[in-house]
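S.K.: Counting in the UniProt record's numbering, the sequence shown runs from 1 upward without gaps. Below: one structure in structure tokens.
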Amino acid sequence: MAMKIYVGQSGLPGAGRGVFASAAIKEGEVIENCPILIFDKKDDAHISKTLLMHYIFDYTGRASMLALGYGSIYNHNIVPNAMYELAEYEGMPEFNNELCITALRPIAKGEEIFINYGPYYDEKFKK
């Protein structure tokens, strides 16, 4: 599958980089399947003191994960144009799971792609 995305400067104040569509993306289209690195919850105390804390996701409540590819660079929006979900592959080792980014609506070429980090994002990181 050819990638229809690139990393560029986000239009959000203070956001830094973001992920953008390099071609039109259809509603329901898979934008990216991101390999993941899984961290044990005991590592969260250390990770929270590093830059990585801004790039990790909760992983099934018992661990954290870092999405590779562009996965951890998508910016948050309360009204996103894409969603993420964990793709788990039956019979495969857990480290083969992926974070799947899918378009919730058509996304125009040049438009920034946003996901919703969840209900606690604003409380946790906007302070």
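In this text, a Cβ means the ideal position worked out from N, Cα and C, and glycines have one as well. Note that the structure is a prediction, hence the values are computed from the model and not measured.
For S48, is the classification buried or exposed, using 16 other Cβ atoms within 10 angstroms of its Cβ as the cut-off for buried?
M.R.: Numbered from 1 along the sequence shown, position 48 holds the residue referred to as residue 48. Result: exposed.
S.K.: For M53, name the three-state secondary structure that DSSP assigns.
M.R.: What you label residue 53 is simply residue 53 of the sequence shown in a count that begins at 1. The answer is helix: DSSP assigns M53 an H, G or I state.
S.K.: Can you tell me whether F114 is buried or exposed? The criterion is at least 16 other CB atoms within 10 Å of its CB, across all chains shown.
M.R.: Counted from its first residue, the sequence shown places residue 114 at position 114. F114 should be labelled buried.
S.K.: I'd like to know whether the C-beta atoms of C100 and A82 end up nearer to each other than 8 Å.
M.R.: For this step, residue 100 is matched to residue 100 along the sequence shown. For this step, residue 82 is matched to residue 82 along the sequence shown. Contact flag unset, no.
S.K.: Round the Cβ separation of E32 and I5 to the nearest angstrom and send it over; I've been treating them as touching at under 8 Å.
M.R.: In the sequence shown, residue 32 corresponds to position 32, counting from 1. In the sequence shown, residue 5 corresponds to position 5, counting from 1. Right, their Cβ atoms sit about 6 Å apart.
S.K.: On the DSSP letters alone, give me the boundaries of the alpha helix (DSSP H) that A45 sits inside.
M.R.: Counted from its first residue, the sequence shown places residue 45 at position 45. Looking at the DSSP string, the run of the alpha helix (DSSP H) that includes A45 is D44 to I47.
S.K.: Within 10 Å of its beta-carbon, does M65 have 16 or more other beta-carbons around it, so buried, or fewer, so exposed?
M.R.: Here residue 65 corresponds to residue number 65 of the sequence shown, with the count starting at 1. The residue is buried, with at least 16 neighbouring Cβ atoms inside 10 Å.
S.K.: Would a C-beta distance cut-off of 8 Å place Y74 and V30 closer than the cut-off?
M.R.: Locating residue 74 in the sequence shown gives position 74, where the first residue counts as 1. Locating residue 30 in the sequence shown gives position 30, where the first residue counts as 1. Contact flag unset, no.
S.K.: Short of 7 Å in beta carbon distance, which residues of its chain neighbour D44, apart from the five on each side in sequence? Order them along the chain.
M.R.: Residue mapping note: residue 44 aligns to position 44 of the sequence shown, counting from 1. Same-chain partners within the cutoff: S64.
S.K.: If I measure Cβ to Cβ from A23 and keep anything under 6 Å in the same chain, skipping five residues before and after, which residues do I get?
M.R.: What you label residue 23 is simply residue 23 of the sequence shown in a count that begins at 1. Within the same chain, A23 has close Cβ partners K4 and K109.
S.K.: Round the Cβ separation of P106 and K26 to the nearest angstrom and send it over; I've been treating them as touching at under 8 Å.
M.R.: For this step, residue 106 is matched to residue 106 along the sequence shown. For this step, residue 26 is matched to residue 26 along the sequence shown. With a Cβ gap of about 6 Å, P106 and K26 count as contacting.
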